[in-house]
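Colleague:
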Amino acid sequence: MGSKRRRLSLLTLTLASMTVVTLSISLSTDFWIYVKEPLVIDPKTEMVVEYRFSRMGLWRKCSLGQNKTAYCQRIVNREQHVVGRLNKTVGDLVAESVNSTCAFAVVSLVLVVFSAIIGLLSNVRYDSYILLSSILFVISGLTLVAGLIMFISAVNDEVSHLPAANQQHPTITYSFAWSFFLAGFSFFLAEGTGVAGIYLFFRRNSSLDDMIQIIPGLEEKIPPEQRKPKNVGYPNFNIIS
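Right under this line is the structure:
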């Protein structure tokens, strides 16, 4: 039994570490989405002569200009007035929209780091804080997936209404990149860490004595003739084998 608990504890710590690493890499990189839009249009034929390609993350946008050199810039706050929006490219508008959804990802990362620290200390000290850590991992995963849904909605809201994006052969296209999918993978890691941690908690506290302390009123469910004094307890009765 002790060997199983150690393996489960190691699995929980591994998943927690992977969650912190993958989510940190995802948030710090600029490969969340690619955008292709017209850069030069032939006035006679109205055909696109050259395209502008952009990639962006939650904080920075990088574009490939006419001279084929990439330049990156920090995403600034959105300009709400019409004139300001008309002077911006599609890539700029998409970048500002996705930047407005970054709060969920940041909160998720903070919760993940905090949960990992609590989980590590709990495994070292062998106390019950692993349950708190696991619950926070589940909450952080749900927060992250809410942010990803808002991210997708923000991109779709900026692009879907454009005529050039709804043609049979659209001249404005976008696709999600590896940083976005890495964030999605972090969600599954966070939820897996939470589930593994909760299971580990109940494996560590599998005796009836432990369950009586965890669940209020549980001792009242035991038939009176089978109850034992608190100083004796039920040391040999395990609910989870």
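When we follow my numbering, the leftmost residue of the sequence shown carries the number 6, and every step to the right adds one.
A virtual CB, placed ideally from N, CA and C, is assigned to each residue, including glycine.
Quick caveat: nothing in here was measured; it's all calculated off a predicted structure.
Compare the C-alpha of Thr74 against each of Phe58, Ala21, Leu126 and Ile154 and name the closest.
Modeller: Closest by alpha carbon: Phe58.
Colleague: Compare the Cα-Cα distances from Arg60 to each of Ile123, Phe207 and Val160 and report the closest residue.
Modeller: When each option's Cα is compared against that of Arg60, the closest is Val160.
Colleague: Assign Lys41 to one of two classes, buried (16 or more other C-beta atoms within 10 Å of its C-beta) or exposed (fewer than that).
Modeller: Flag for Lys41 reads buried.
Colleague: Can you name the residues that DSSP bridges to Cys107?
Modeller: Paired residues: none, contrary to the question.
Colleague: Thr74 by DSSP, collapsed to three states: which one?
Modeller: Of the three classes helix, strand and coil, the one that applies to Thr74 here is coil, per DSSP.
Colleague: If we ignore side chains and look at the alpha-carbon of each, how far apart do Ser33 and Cys107 end up?
Modeller: If I take the Cα positions, the gap works out to 11 Å.
Colleague: Taking the continuous alpha helix (DSSP H) assigned at Ser184, which residues delimit it?
Modeller: Unbroken alpha helix (DSSP H) run through Ser184: Trp183 to Arg209.
Colleague: By a C-beta neighbour count over all protein chains shown, 10 Å radius and 16 as the cutoff for buried, is Val103 buried or exposed?
Modeller: Val103 should be labelled buried.
Colleague: Tell me whether Glu55 is buried or exposed, calling it buried when 16 or more other Cβ atoms sit within 10 Å of its Cβ.
Modeller: Counting Cβ neighbours within 10 Å, Glu55 comes out exposed, since fewer than 16 surround it.
Colleague: In angstroms with no decimal places, state the Cα-to-Cα distance between Ala201 and Val111.
Modeller: Cα to Cα, Ala201 sits roughly 24 Å from Val111.
Colleague: Leu69: which of Asp97, Ser113 and Leu20 sits nearest, CA to CA?
Modeller: Looking at the Cα atoms, Asp97 is the closest of the given residues.
Colleague: Would you call Lys66 buried or exposed, if buried means 16 or more other Cβ atoms sit within 10 Å of its Cβ?
Modeller: Lys66 should be labelled buried.
Colleague: Starting from the C-beta of Phe181, find all residues in its chain whose C-beta is less than 6 Å away, skip the five residues before and the five after it, and write them out in chain order.
Modeller: Cβ neighbours of Phe181 beyond the five flanking positions: Ile38.
Colleague: Once you ignore the five residues that flank Arg10 on each side, which residues in its own chain have a CB closer than 8 Å to its CB?
Modeller: So the qualifying residues of the chain are Leu205, Arg208 and Arg209.
Colleague: According to DSSP, is Lys41 part of a helix, a strand, or is it coil?
Modeller: Three-state result, Lys41: strand.
Colleague: Should Thr24 and Val117 be called a contact, given that it needs their Cβ atoms to be closer than 9 Å?
Modeller: Yes; because the gap between Cβ atoms is below 9 Å, this pair is in contact.
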